[in-house]
Structure formats: structure tokens, C-alpha cells
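Asks: Be aware that the sequence shown starts at 6, since it is given in our numbering, and climbs by one per residue. Where is the CB? At the ideal position from N, CA and C, for every residue including glycine. Starting off with a structure, shown below.
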Amino acid sequence: MLKLMMLSVLKRTNNPVTFWLLENFLSPDFKNSVPVLQAEFGMDIRLITYKWPNWLRRQTEKQRIIWGYKILFLDVLFPLGVEKIIYVDADQVVRADLNELWTMDLQGKAYGYTPFCDSRNVGFQFWRQGYWKDHLRGRPYHISALYVVDLKIVIFIPGHLYERMLKLMMLSVLKRTNNPVTFWLLENFLSPDFKNSVPVLQAEFGMDIRLITYKWPNWLRRQTEKQHIWRRNQLGQNYSYYINC
Numbered sequence: 006m007l008k009l010m011m012l013s014v015l016k017r018t019n020n021p022v023t024f025w026l027l028e029n030f031l032s033p034d035f036k037n038s039v040p041v042l043q044a045e046f047g048m049d050i051r052l053i054t055y056k057w058p059n060w061l062r063r064q065t066e067k068q069r070i071i072w073g074y075k076i077l078f079l080d081v082l083f084p085l086g087v088e089k090i091i092y093v094d095a096d097q098v099v100r101a102d103l104n105e106l107w108t109m110d111l112q113g114k115a116y117g118y119t120p121f122c123d124s125r126n127v128g129f130q131f132w133r134q135g136y137w138k139d140h141l142r143g144r145p146y147h148i149s150a151l152y153v154v155d156l157k158i159v160i161f162i163p164g165h166l167y168e169r170m171l172k173l174m175m176l177s178v179l180k181r182t183n184n185p186v187t188f189w190l191l192e193n194f195l196s197p198d199f200k201n202s203v204p205v206l207q208a209e210f211g212m213d214i215r216l217i218t219y220k221w222p223n224w225l226r227r228q229t230e231k232q233h234i235w236r237r238n239q240l241g242q243n244y245s246y247y248i249n250c
């Protein structure tokens with residue numbers, strides 16, 4: 006299926022195309038066929054990989070692992086010189102020139118998703134009922150099988166990946182509980198962008214969010230500095246850590 010998708014892209018797209026393939030999910034047979042595809046069809050194929058971080062809860066289902074790679078790890082998958090990508094699922098057949106999506110004006114946004122074609126009410130459509138119906142509120146459902154990403158905007162500054170994971174966690178809690186939930190967040194560690202998004206989260210998802218400020222006690226700061234000096238002399242580097250009092 007992956008080869009068919011790649012051939013359909015080459016057939017419909019007039020501009021040069023570079024295929025970035027996740028090596029983690031390629032079979033040995035496909036990897037061996039890469040030189041043949043490059044020689045026979047002139048494909049520019051690059052293999053990329055990234056080890057699932059230890060601090061992020063590991064997924065066991067293959068589909069969820071792929072979702073993690075194509076959404077959460079975009080800032081570390083590609084070389085810094087890559088400014089934009091178009092993600093295409095391996096089982097898709099491209100029927101139009103992808104340059105239309107590539108040159109689309111995203112108006113400062115990081116992602117450009119395609120709305121799901123729902124002109125025909127055929128078969129089971131999960132977004133028309135239950136959770137998704139309430140969440141979308143009449144807006145179109147966008148699929149992640151084909152979308153464009155502006156990596157210049159996606160590249161996270163320190164803290165933004167944590168905040169994205171924080172939002173996902175909060176939404177997951179709301180989805181799985183029927184009881185009222187209050188989220189108490191330490192304002193000290195939140196970026197201005199996240200603080201500005203709090204009213205949106207409260208209005209759109211009905212979240213009860215309280216921002217609290219914590220002042221680090223002087224005696225603990227002194228202990229931290231001593232511990233930090235000892236650690237730095239041992240390891241020769243600066244890093245963050247927690248102290249259990």
C-alpha cells in the first residue's frame with residue numbers, strides 16, 4: 006500500500022517530492038526495495054526514526070503509536086532545514102496535485118487539515134453522534150490521513166510540549182469521568198500562550214481551571230542549590246530534578 010501511495014503522489018504532483026518514511030514501521034523487505042524505487046522511479050526517499058521517550062507513557066497499540074509519531078514528535082523527527090511537510094497515510098491514493106496543499110495559505114496556523122467528505126450520509130459516521138457531535142457543535146470533522154504542517158511554527162520552544170500534553174491529559178480526564186473536576190495549575194510554570202488559552206478551554210470544554218502561584222521557600226532553595234552543586238560536580242552538567250522533602 007505504501008508503494009502505491011508513493012507512486013500516486015509522483016503521478017499527480019509536478020514538483021519535486023521528498024518522501025520521509027518512518028523507519029520504525031517499515032519491513033525489512035521494504036527497506037531492501039528502497040534502492041530499487043530510487044533507481045527505477047527517481048524517488049527521493051529519506052528514512053527517519055525517533056525513540057519513544059521514556060517520560061511519555063508508552064502505547065501498545067500500533068495505531069496509537071503512529072498517532073504519537075505523526076502528532077507529538079514532529080519537532081524532533083526532521084532535520085532543522087525542513088520547514089514544511091505533508092503527511093499522507095500509507096493506505097491513501099492521491100488523486101490531485103499535492104502542490105495545491107503545499108502552497109495553501111495557512112494564515113499563520115501550524116496545521117492545515119482536510120474536512121471529511123460527508124455529502125453522502127452512508128454507513129456509520131461516529132462524528133454525527135455522541136461525544137464527537139457534542140464536541141464539534143456543527144463544525145466539520147477533520148481527518149488526519151492527509152494534512153500539511155508548517156514546521157517553523159510547530160517547533161516547540163521549551164515548555165510547549167509539556168503544555169500540549171497537559172491539555173491532552175485534561176481532556177482525557179473530562180472524557181472519562183462523570184463527576185465535576187477542578188484543575189489546579191501552577192501558574193509559575195505556564196507560558197503566556199497557555200494562560201491566554203485558559204478562557205477558551207473553560208468556554209469550549211466547560212473546564213473548571215484555577216491558577217495558583219507557589220513561592221519557593223528559602224530553606225528549600227538553599228537546599229536545592231547545595232544539592233545542585235553536588236550533582237553538577239558529580240556529572241559535570243546542569244539538569245532538572247526533584248527533591249522529596
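1. Can you tell me the Cα-Cα spacing of Met109 and Pro21, whole angstroms?
2. Hey, how far is the Cα of Arg17 from the Cα of Leu156?
3. Just checking my contact of Val154 with Ile50 at CB under 8 Å: how many whole Å lie between their CB atoms?
4. Suppose you measure from the CA of Arg62 to the CA of Leu195; what does that come to, to the nearest Å?
5. Have a look at the DSSP bridge pairing and note the partners of Pro21.
6. Pull the bridge partners of Gly117 from the DSSP assignment, please.
7. Assuming Met11 and Met48 form a contact by the criterion Cβ under 8 Å, report the distance between their Cβ atoms to the nearest whole angstrom.
8. Tell me whether Leu79 is buried or exposed, calling it buried when 16 or more other Cβ atoms sit within 10 Å of its Cβ.
9. What are the partner residues of Thr187, as DSSP defines its beta bridges?
10. Expressed to the nearest angstrom, what Euclidean distance is found between the alpha-carbon atoms of Met212 and Lys67?
11. Opposite Ile70 in the DSSP bridges: which residues?
12. Mind the definition here: the region 137 to 155 touches the region 96 to 108 only if three or more C-beta pairs lie below 8 Å; say whether that holds.
13. Which two residues bound the contiguous beta strand (DSSP E) that contains Val99?
14. Sorted by chain position, which residues of the same chain lie with C-beta nearer than 6 Å to Phe161's C-beta, five sequence neighbours on each side aside?
15. Considering only residues of the same chain and omitting the five flanking positions on each side of Gln64, which have a CB-CB separation below 7 Å?
16. Figure out for me which residue from Ser202, Glu45, Thr182 and Leu82 has the closest Cα to the Cα of Lys56.
17. What number of angstroms, rounded off, separates the C-alpha of Tyr146 from the C-alpha of Phe121?
18. Locate the alpha helix (DSSP H) running through Val41, then write down its first and last residues.
19. Near Tyr136, what residues of its chain come up, given a Cβ to Cβ distance below 8 Å and the 5 sequence neighbours on each side ignored?
Replies: According to the structure shown:
1. 17 Å
2. Approximately 24 Å, taken between the alpha carbons.
3. The distance from the Cβ of Val154 to that of Ile50 is about 19 Å, inconsistent with a contact at the 8 Å cut-off.
4. 22 Å
5. Beta-bridge pairing by DSSP links Pro21 to no other residue.
6. Val153
7. 7 Å
8. buried
9. Asp213
10. 31 Å
11. Answer is none; Ile70 lacks a bridge partner.
12. yes
13. Premise fails: Val99 is in no beta strand (DSSP E) and is neither H nor E.
14. Residue placement at Phe161 is flagged as unreliable, the pLDDT there being 48, under the threshold of 50; the coordinate-derived value follows with that caveat. If we look at Phe161 and ignore the five residues flanking it on each side, its Cβ neighbours are Asp80.
15. Ile70 and Gly73
16. Comparing Cα positions, the closest option is Leu82.
17. Near 6 Å, if we compare the C-alpha coordinates of Phe121 and Tyr146.
18. Pro33 to Phe46
19. Closer than 8 Å at Cβ, skipping near neighbours: Lys180.
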